[in-house]
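> One structure coming up, written as structure tokens, with questions to follow.
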Amino acid sequence: MLGSGLGLIGSAFAQGGGGGPVRELPPSQPTGPPIPEMEREMPIEPGRRLGWAVVGLGKFALNQILPSFGESRSSKLVALVSGNRQKAEQVAPRYGVETHNLYDYQSFDRIADNPEVDVVYVILPNALHAEYTVRAFKAGKHVFCEKPMAVTVEECETMIRAGREAGRKLMVAYRAQFEPHNVEAIRRVREGEIGALHLVTSDHGRILDPKDPADQWRMVKSLAGGGSLYDIGIYSLQAARYLTGEEPVEVFGQIVNKKDDPRFREVEDRMAFQVRFPSGAIANLSSSYSTSSVKRIQAFGEKGSLILDAATEYESNKLTLRTEKGRQEVKMKEQSQFAAEMDHFSQSVIDNREPKTPGEEGLRDIRIMQAIYRSAQEGKPIALDATGSLR
Ligand code: NAD
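Count along the sequence shown from 1, then add 981; that gives the number in my numbering.
So, in structure tokens, the structure goes:
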């Protein structure tokens, strides 16, 4: 379904040899065929959709996830879990959630007795992901968990084991793998449009705001697990992995913290990191909590390159391809990456198949990021084995 509805803008490529000047498209005057509709399946009737409970009514849940249920075809919001009853009671009627389906963190385990809930979506600070995932499995529910999957490798392994023991599925919310421009970029790299892929660069940065409650726990290591790398550098790392389709054999990281900045007493500000892959491809990646917003991914191959800029915004991302034929903007029909990832998980549960980004995918990133921290600490590259563990 995803990635099938591409439309090319920019049929007016530079003519002639590869060495000729690259023609830029006028920014607001796209040419070429109209953009076809994405092949989007019709919603199934509400009674047959899986019921989801959202745990944590913070910034991301309220602003992005709850509204996205409106666009989903096989997932419906049926329950909320929040420490703030008043907030839950205000939010519930907007999404048709009934009062008897409101829980707090103490009463959460009673969700086991609620047949309306099939899936629990954990949207809490990172250090709480493991606890609520395990409790949800014990309640017999499937779990969709925000990134990063957890704080430690051991927590991830416990979550995976708990899912297996309960006979329930676990998926990590890697929305970029469901975002149409990223999906299309992966397809084009795999089909060889830019030739052998030699270099990926990706940068994710924003300003960490100590006045924003959503950023306050991000400054506390025991809640966040790490700094910019865990929070947004994970998108840079994911990009390198999903564009190459390979797993790292070596990582090298460097941390830069501004001296005396109270935001970075416990977690890192800037992380520059390099990842080497078996084919020889290299990724030059970064994350930052002290630069203005950047969410960019670039892939450079023998025959061309592609740029996703922005790459990981919630909407309006942009994919540009540069080959010997010239430069083209690849327009994709906007589609909610949140609804797409949730529906993918619901469908995986319905069809009893492995989701695209299961717990093992989240665990692998935590292993690699732990190795990057270790490399930064020791000031030398760290070799990894095929599972992402230290060699
Ligand atoms: P947030 O602080 O706005 O939300 C966290 C929620 O957890 C709040 O409602 C808070 O009250 C609750 N909470 C429960 N126990 C808590 C405790 N002990 N300390 C602090 N808060 C507690 O944060 P957020 O930005 O919504 O992030 C939540 C999760 O979602 C994180 O894991 C984050 O990485 C993830 N996230 C993912 C994306 C994405 O694009 N996939 C974007 C933003 C956040």
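For each residue, glycine too, the CB sits at the ideal point set by N, CA and C.
In this structure, what does DSSP give as the bridge partners for ALA1264?
Its beta-bridge partners are VAL1181, VAL1256.
> Just to confirm the assignment: which complete beta strand (DSSP E) runs, minimum length 3, are found wholly within the segment 1136-1162?
Correct list: 1151-1153.
> Please find out if some non-hydrogen atom of the ligand NAD comes closer than 8 Å to the beta-carbon of GLN1309.
No.
> Quick one: what does DSSP say PRO1339 is sitting in, helix, strand or coil?
Residue state, collapsed to three classes: strand.
> Taking only heavy atoms of the ligand NAD into account, decide whether any of them is closer than 8 Å to the Cβ of GLU1249.
The answer is no for GLU1249.
> Is it true that the segment 1306-1325 meets the segment 1152-1160, where meeting means three or more beta-carbon pairs spaced less than 8 Å apart?
Yes: at least three Cβ pairs fall under 8 Å.
> Return the CA-CA distance between ASN1095 and LYS1119, expressed in angstroms with no decimal places.
Roughly 13 Å separates the two Cα atoms.
> Do ASN1044 and ALA1060 have their C-beta atoms closer together than 9 Å?
Cβ distance not < 9 Å, so ASN1044 and ALA1060 don't count as in contact.
> Nearest CA to the CA of ALA1367: which residue from LYS1240, GLU1231, TRP1198, ALA1034?
Nearest of LYS1240, GLU1231, TRP1198, ALA1034 to ALA1367, Cα basis: GLU1231.
> Are the segment 1271-1279 and the segment 1174-1185 touching, with three or more C-beta to C-beta distances below 8 Å?
Enough Cβ pairs lie closer than 8 Å, so yes.
> DSSP three-state label for ARG1355, please.
Residue state, collapsed to three classes: helix.
> Give the C-beta separation of VAL1330 and LEU1031 to the nearest angstrom, bearing in mind that I take them to be a contact with Cβ-Cβ under 8 Å.
Yes, they are in contact, since the Cβ atoms of VAL1330 and LEU1031 sit about 6 Å apart, within 8 Å.
> Consult DSSP for MET1200 and reduce its assignment to one of helix, strand or coil.
Three-state DSSP puts MET1200 in a helix.
> By the 10 Å Cβ neighbour count, where 16 or more other Cβ atoms means buried, how is GLN1351 classified, buried or exposed?
So GLN1351 ends up on the buried side.
> Would the segment 1142-1158 count as touching the segment 1115-1129 if we require 3 or more Cβ pairs under 8 Å?
Because the criterion of three Cβ pairs below 8 Å is met, the segment 1142-1158 and the segment 1115-1129 touch.
> So if DSSP puts THR1293 in a beta bridge, which residue, or which two residues, is it bridged to?
Partner(s): none; THR1293 has no beta bridge.
> Residues in the same chain with beta-carbon distance under 7 Å from ILE1025, minus the five sequence neighbours each way, listed in chain order, please.
Here the set comprises ARG1054, SER1055.
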